Amino acid sequence: MRGTFFALTGATALCISTASYGAVIVDEDFESYADTAAMAAVWADGPGTLDATNGYGGSKAFMHDGSTGDNIQGLASVKPTAAENLVLKFKMSNDGDTTDTYQSVGLRAIPVADPHYLFEVGNVHWVAGTYNARILTFPGSETNWETVSEAVAPSGWDEFTVTFSLDAISIDIDFGVDGSNDVAYSVALDGSEWTKGFDEIRLGPPSGGSSAGDTVYFDDILLETVAVPEPASLALLGLGGLAMLRRRK
Numbered sequence: 025m026r027g028t029f030f031a032l033t034g035a036t037a038l039c040i041s042t043a044s045y046g047a048v049i050v051d052e053d054f055e056s057y058a059d060t061a062a063m064a065a066v067w068a069d070g071p072g073t074l075d076a077t078n079g080y081g082g083s084k085a086f087m088h089d090g091s092t093g094d095n096i097q098g099l100a101s102v103k104p105t106a107a108e109n110l111v112l113k114f115k116m117s118n119d120g121d122t123t124d125t126y127q128s129v130g131l132r133a134i135p136v137a138d139p140h141y142l143f144e145v146g147n148v149h150w151v152a153g154t155y156n157a158r159i160l161t162f163p164g165s166e167t168n169w170e171t172v173s174e175a176v177a178p179s180g181w182d183e184f185t186v187t188f189s190l191d192a193i194s195i196d197i198d199f200g201v202d203g204s205n206d207v208a209y210s211v212a213l214d215g216s217e218w219t220k221g222f223d224e225i226r227l228g229p230p231s232g233g234s235s236a237g238d239t240v241y242f243d244d245i246l247l248e249t250v251a252v253p254e255p256a257s258l259a260l261l262g263l264g265g266l267a268m269l270r271r272r273k
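Read in the numbering used here, the sequence shown has 167 at position 143, and its numbers run on one by one without any break.
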């Protein structure tokens with residue numbers, strides 16, 4: 025009897041696990057491009073170039089020299105819902121001496137009009153080595169530029185994970201891409217449905233500005249939806265854990 029109960033619970037947990045996967049919207053490591061022209065067909069409009077050797081781990085990467093303009097990829101108005109969060113992950117280089125550097129990864133709704141639904145995060149520095157984010161007119165938040173990391177990141181690569189839900193925008197940063205969580209920052213939202221979604225993902229100076237001479241590399245960009253676990257699903261997984269313990273006894 026215990027064995028049967030365990031099997032059924034395991035099947036239930038498997039169904040829950042399978043259902044928890046969302047949709048991948050952007051999955052970009054820049055390895056597939058032969059040259060800058062090929063990359064620009066996907067990441068358009070800006071001065072960014074394909075770098076063959078300076079990416080994370082010595083691979084290809086997107087390089088922006090800070091000159092005016094962003095490279096942009098169009099999106100199909102993606103946004104979080106009550107059932108799914110929207111998660112952005114990327115790696116960004118940091119030279120450790122970037123006062124007055126303006127380089128970021130951004131998401132925005134088009135056209136740009138109030139409410140803006142405009143997000144940018146990166147080494148937009150007033151203090152060298154720190155990170156800032158622009159979070160503009162999301163439901164329940166009027167935040168503009170905010171310091172996300174007062175700690176100074178060492179030179180090297182850093183990994184960002186940004187989670188958009190109806191309740192909050194959360195930013196986690198891993199200095200050195202070593203599995204640590206060196207920065208955890210969150211802005212609360214009011215829980216209401218978004219009236220529009222993100223139509224663009226942008227690489228380069230915020231709002232297409234300029235940061236001449238400040239070269240930054242971007243790599244391993246992932247944008248995806250992730251299902252929000254329902255309380256009932258979490259309870260079933262808890263029962264599955266109890267069943268495993270009982271069977272082991």
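All C-beta atoms in this analysis are idealised placements derived from N, C-alpha and C, irrespective of residue type, glycine included.
Treat the numbers as computed from the prediction; the structure is a model and nothing was measured.
In this structure the stretch 202-216 does not lie against the stretch 77-89, because fewer than three pairs of beta carbons, one per stretch, are closer than 8 Å. Excluding sequence positions up to five before and after S210, its CB lies within less than 8 Å of the CB of A192, I193, S194 and I195, all in the same chain and listed in chain order. Looking at the backbone, the Cα of P229 and that of W169 are separated by about 14 Å. Note on geometry: alpha-carbon atoms of V250 and N109 lie some 5 Å from one another.
Sequence-distant partners of W218 (beyond 5 residues in either direction) whose C-beta falls short of 6 Å from its own C-beta, in its chain, are K103.
Excluding residues up to 5 positions away in sequence, D138, P139, H140, Y141 and L142 lie with their Cβ nearer than 8 Å to the Cβ of T161 in the same chain. In the DSSP assignment, A61 falls outside any beta strand (DSSP E) and within the unbroken alpha helix (DSSP H) covering T60 to A64. DSSP, read as helix, strand or coil, puts Y209 in strand. Burial of V145 is indicated by the presence of at least 16 other C-beta atoms within 10 angstroms of its C-beta. With respect to G130, G93 sits apart: the two C-beta atoms are not nearer than 7 Å.
The Cβ-Cβ distance between L247 and L112 falls below 7 Å. Take the alpha-carbon of Q127 and the one of T167: they are about 19 Å apart. From the listed residues V207, T171 and G164, the smallest Cα separation to L190 is found for G164. Under DSSP, I195 shares a beta bridge with V186 and Y209. Sequence-distant partners of F188 (beyond 5 residues in either direction) whose C-beta falls short of 6 Å from its own C-beta, in its chain, are P104 and L110.
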